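J.: Each residue of the sequence shown is one higher than the one before, starting from 1 at the first, in UniProt numbering. Got a structure for you, questions after.
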Amino acid sequence: VNDIDSGSEFSHSKKSKSNRYICNQCSNTFVRKNTLKIHLLIHEGIRHPCEKCTKSFSDKSSLRKHILTHKGIRYPCNKCPKSFSIKGDLKTHLRTHEGIRFPCNQCDKSYPEKRFLKKHLLVHEGIRYPCNQCDNSFSRKNYLMSHLL
């Protein structure tokens with residue numbers, strides 16, 4: 001168990017078998033402790049509003065990225081009509097045209113983005129969230145919550 005911030009209601013966070021930090025509120029996982037700390041702001045309800053529109057964000061870096069959408073600078077894809085306000089998003093998008101996939105080393109699935117593979121890998125860690133109303137169990141807490149709705 002890793003102490004994230006003493007005094008916080010989220011003060012203890014488990015580390016998974018794959019050496020990742022697990023949010024004790026929603027089971028999202030993170031490689032860095034600091035990324036988990038930023039993520040925890042979502043659960044604390046702290047928001048950073050955009051001054052140009054009605055959107056708000058749980059962390060300042062997401063707000064800074066969003067502000068770029070209001071500046072009108074676009075990075076167009078040279079293979080399709082899409083364009084992006086963040087250069088890194090264009091780079092990620094270009095992988096879809098190049099056929100670059102991120103394969104799971106434990107099964108035959110592959111994903112167009114690394115973040116999708118990371119979420120999938122939780123399936124192989126064996127952590128399950130059982131439904132108390134039927135025999136189903138889920139690899140992520142939010143899947144269980146959706147099932148219960």
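Positions of the beta carbon are idealized from the N, C-alpha and C atoms, including for glycine. What you are looking at is a predicted structure, and each value in this text was computed from that prediction instead of being measured.
1. For the region 76–137, which segments carrying the alpha helix (DSSP H) assignment without a break, of at least 4 residues, lie completely within its bounds, in sequence order?
2. Per DSSP, which one or two residues make a beta bridge with tyrosine 143?
3. Does threonine 29 come out as helix, strand or coil in the three-state DSSP assignment?
4. Would you mind stating whether serine 56 and proline 49 have Cβ atoms separated by less than 8 Å?
5. Take the Cβ of leucine 148 as the centre, count every other Cβ of all protein chains shown within 10 Å, and call the residue buried at 16 or more, exposed below.
6. Taking just the CA atoms, how far does asparagine 34 sit from tyrosine 75?
7. Indicate the three-state DSSP secondary structure (helix, strand or coil) for serine 56 in the structure shown.
8. If I measure Cβ to Cβ from lysine 87 and keep anything under 6 Å in the same chain, skipping five residues before and after, which residues do I get?
9. Taking the C-alpha atoms as reference points, what is the distance between threonine 69 and serine 85?
T.: So, from the data block:
1. 87–98 and 114–121
2. For tyrosine 143, which the question treats as bridged, DSSP gives no partner whatsoever.
3. strand
4. yes
5. exposed
6. Computed Cα separation, rounded: 30 Å.
7. strand
8. Tyr75
9. 5 Å
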